[in-house]
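Notes to accompany the following structure.
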Amino acid sequence: AQSTRIAVTPGDGIGPEVVAEAVRCLETLRAKHGLDIEWTRFPWPSHAWHEEHGESMPADALAQLQKYDAILLGALGDPGPMDDPDRYLLPDSISLAPLLDMRKGFDQWVCERPARLLPGARQYLADERAKDIDMLVIRENSEGEYVSQGGRLRKGTPDEVATQMEVFTRKATDRIIRYGFEQARNRAADRVKEGRTRTFRTLDGRTCESQVCLVTKRNALRYWGDMYTEAFDEISKEYPDVATHHELVDAACMKFVQSPWAFDVVVASNLQGDILTDLAAVLSGGMGVAPSCNLNPTDPDMPSMFEPTHGSAPDIAGQGLADPTAMLFTAARMLEWLGRKDPAVAAAGKELFDAVAADLAENSGTRRGTHEIGSAICERLSQ
Ligand code: IPM
Ligand code: MN
Numbered sequence: 002a003q004s005t006r007i008a009v010t011p012g013d014g015i016g017p018e019v020v021a022e023a024v025r026c027l028e029t030l031r032a033k034h035g036l037d038i039e040w041t042r043f044p045w046p047s048h049a050w051h052e053e054h055g056e057s058m059p060a061d062a063l064a065q066l067q068k069y070d071a072i073l074l075g076a077l078g079d080p081g082p083m084d085d086p087d088r089y090l091l092p093d094s095i096s097l098a099p100l101l102d103m104r105k106g107f108d109q110w111v112c113e114r115p116a117r118l119l120p121g122a123r124q125y126l127a128d129e130r131a132k133d134i135d136m137l138v139i140r141e142n143s144e145g146e147y148v149s150q151g152g153r154l155r156k157g158t159p160d161e162v163a164t165q166m167e168v169f170t171r172k173a174t175d176r177i178i179r180y181g182f183e184q185a186r187n188r189a190a191d192r193v194k195e196g197r198t199r200t201f202r203t204l205d206g207r208t209c210e211s212q213v214c215l216v217t218k219r220n221a222l223r224y225w226g227d228m229y230t231e232a233f234d235e236i237s238k239e240y241p242d243v244a245t246h247h248e249l250v251d252a253a254c255m256k257f258v259q260s261p262w263a264f265d266v267v268v269a270s271n272l273q274g275d276i277l278t279d280l281a282a283v284l285s286g287g288m289g290v291a292p293s294c295n296l297n298p299t300d301p302d303m304p305s306m307f308e309p310t311h312g313s314a315p316d317i318a319g320q321g322l323a324d325p326t327a328m329l330f331t332a333a334r335m336l337e338w339l340g341r342k343d344p345a346v347a348a349a350g351k352e353l354f355d356a357v358a359a360d361l362a363e364n365s366g367t368r369r370g371t372h373e374i375g376s377a378i379c380e381r382l383s384q
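Under UniProt numbering, residues 2 to 384 are what the sequence shown spells out, in order.
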């Protein structure tokens, strides 16, 4: 069998720092279990590459990356020197577009962002029930508000008009909603195995072991809101064992803070999911611990991409201060995903998740640097 190949793209800012720790942990696992995995490092996409070549990545970047089974990405974005007054005015397209190009180019139509408040993670909500926060936000990752259609008319005049179109297709709607229901079932099954069942009530008073909450803004954005709702109602009939729920996105934000422990799987559009997942990240301990992945579950020839929810954090870059935990949880999810072909790789993913979670639990509140945390986890893995 062919070995599992990973493209490592460290990116900008703290990206290379946290990726270095992930690669060390992967190497430890590879050596320990004789895993058949290998990785190749790419200096792009990145701001440095852009400076040198005038583009964030080579023209054939996607073709090169497509040969890999997965992409492990640090973070992208570099707003320039801290003392440049125009730093936030620099075109974002310089270093963020590659991220969107990859999601689009490889049709990574699912963005999974779990938010579980693990022992040891910072608890922002005072309520004791925050310990039960355990949700999975599934963000539609291929279209919607991110289609990048529109333009600026009469640019630079007082009569300027900017348009930004949103496009929602029934096919993409159906697949993301169905994916949400499948994940709800999987999560319920996993909980049964771990002996920690949860119950959710349906509108007609039945109890279920899992739930999917659909988020829209259908009271104002009627067209896609209605299409999403109809698709959700139809598909939910195939999953009578999963409780359903619908929230408008503004109310969802309120409930994420008020009673986040009541959510299980949440399905949201591209932009609404983007916003909800920063909020969900804070609920589960902050950006330093929030993993993410961009998946193409349908086409085995397309690599999925694994990058934490956090950005390049230029304010703390280069100082060894960034918490690699989010990146390590993300790498664990990558191994689990790749493990669909190789059970030994999946087991290593579980082992990495457990090691990172144990490290978090034991070091609650201590101040440690990037490398120190990485070393502690590598050591745990070598035992
Ligand atoms: C994310 C980021 C990106 C997004 C940006 C960098 C384009 O915020 O991955 O959540 O909006 O998808
Ligand atoms: Mn975001």
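Where is the CB? At the ideal position from N, CA and C, for every residue including glycine.
- Taking 8 Å as the cut-off, the Cβ atoms of residue 18 and residue 282 do not count as close.
- Under the DSSP assignment, residue 136 falls in the beta strand (DSSP E) whose first and last residues are 135 to 141.
- The region 271 to 282 makes contact with the region 141 to 150: 3 or more CB pairs, one atom from each, lie closer than 8 Å.
- Note on residue 48: 16 or more other CB atoms within 10 angstroms of its CB, so buried under the neighbour-count rule.
- In the three-state reduction of the DSSP assignment, residue 383 falls in the helix class, which pools H, G and I.
- Distances from the alpha-carbon of residue 301 to those of 136, 69 and 9 put 69 closest.
- Here residue 40 is bridged, per DSSP, to 7.
- Remark: the C-beta of residue 13 is outside contact range of the ligand MN, defined as less than 7 Å to any heavy atom.
- Between the beta-carbon of residue 216 and that of residue 253 there is about 5 Å, and that keeps the pair under the 8 Å contact cut.
- Secondary structure of residue 364 (DSSP, three-state): coil.
- Taking a C-beta distance under 8 Å as the contact criterion, residue 353 and residue 74 do not qualify as a contact pair.
- Counting the other Cβ atoms within 10 Å of the Cβ of residue 357 gives 16 or more, which makes it buried.
- With fewer than 16 other Cβ atoms from the protein chains shown falling within 10 Å of its own Cβ, residue 220 counts as exposed.
- The straight-line gap separating the alpha-carbon atoms of residue 383 and residue 38 is approximately 17 Å.
- Between residue 168 and residue 269, the CB-CB gap reaches or exceeds 8 Å.
- Taken atom to atom, the span from the alpha-carbon of residue 202 to that of residue 229 is near 22 Å.
- One thing to note: residue 44 has its Cβ no nearer than 8 Å to the Cβ of residue 77.
- Nearest Cα to residue 378 within the set 195, 200, 332 and 320: 332.
- Contact fails between the region 224 to 242 and the region 287 to 294, because fewer than three Cβ pairs, one in each stretch, are under 8 Å apart.
- Where residue 159 is concerned, there is no enclosing alpha helix (DSSP H), because DSSP gives it neither an H nor an E.
- Distances between the C-beta of residue 275 and the heavy atoms of the ligand MN include at least one below 7 Å.
- Following the DSSP letters along the chain, one finds residue 307 inside the beta strand (DSSP E) bounded by residues 305 to 307.
- As DSSP reads the structure, residue 72 sits in a beta bridge with 8 and 306.
- Taking 8 Å as the cut-off, the Cβ atoms of residue 336 and residue 350 count as close.
- Residue 164 has its Cβ no nearer than 7 Å to any heavy atom of the ligand IPM.
- Straight-line spacing of the CA atoms in residue 102 and residue 206 works out to 45 Å.
- Three or more beta-carbon pairs separated by less than 8 Å are not found between the region 116 to 126 and the region 240 to 252, which leaves the two stretches without contact.
- Take residue 278, set aside five residues on each side of it, and the residues of its chain with a beta-carbon closer than 7 Å to its own are 114, 138, 140 and 310, in chain order.
- The beta carbon of residue 208 sits no closer than 7 Å to any heavy atom of the ligand IPM.
- Straight-line measurement puts the Cα of residue 106 at about 7 Å from the Cα of residue 63.
- Remark: the shortest separation between the CB of residue 310 and any heavy atom of the ligand IPM falls under 7 Å.
- Under the three-state reduction of DSSP, residue 151 is assigned to strand.
- Annotated three-state conformation of residue 287 is coil, per DSSP.
- The C-beta of residue 142 has 16 or more other C-beta atoms within 10 Å across all chains shown, which makes the residue buried.
- If you ignore the 5 residues before and after residue 179, its C-beta comes within less than 7 Å of the C-beta of 236, all in its own chain and listed in chain order.
- As computed with DSSP, residue 245 is found in a beta bridge with 213.
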